[in-house]
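Worksheet: one structure, shown below.
Numbering (our numbering), first residue to last: 15 to 77.
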């Protein structure tokens, strides 16, 4: 299975949303608030997207 960067980001958000539904963790809720994708395709906190891209690059370089 291959996902685009955006698809994998959305999958991560979905995973965290499910976790938040179970735990009601304020920390996870705050994180999700920063990570939500807005109508323009950007995250509420632009640093979240940049952090995500850096993480993807690090994982890709581990191969």
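Quick reminder that beta carbons are idealized off the backbone N, C-alpha and C, glycines included.
It should be emphasised that the depicted structure is a prediction, and the values quoted were computed from it without experimental measurement.
With fewer than 16 other Cβ atoms inside 10 Å of its own Cβ, residue 56 counts as exposed. In the same chain as residue 39, and ignoring 5 residues on each side of it, the C-beta atoms closer than 8 Å to its own belong to 33, in chain order. The C-beta of residue 62 has 16 or more other C-beta atoms within 10 Å across all chains shown, which makes the residue buried.
When the five nearest sequence neighbours on each side are left out, the beta carbons in the same chain lying within less than 6 Å of the beta carbon of residue 59 are those of 48, in order along the chain.
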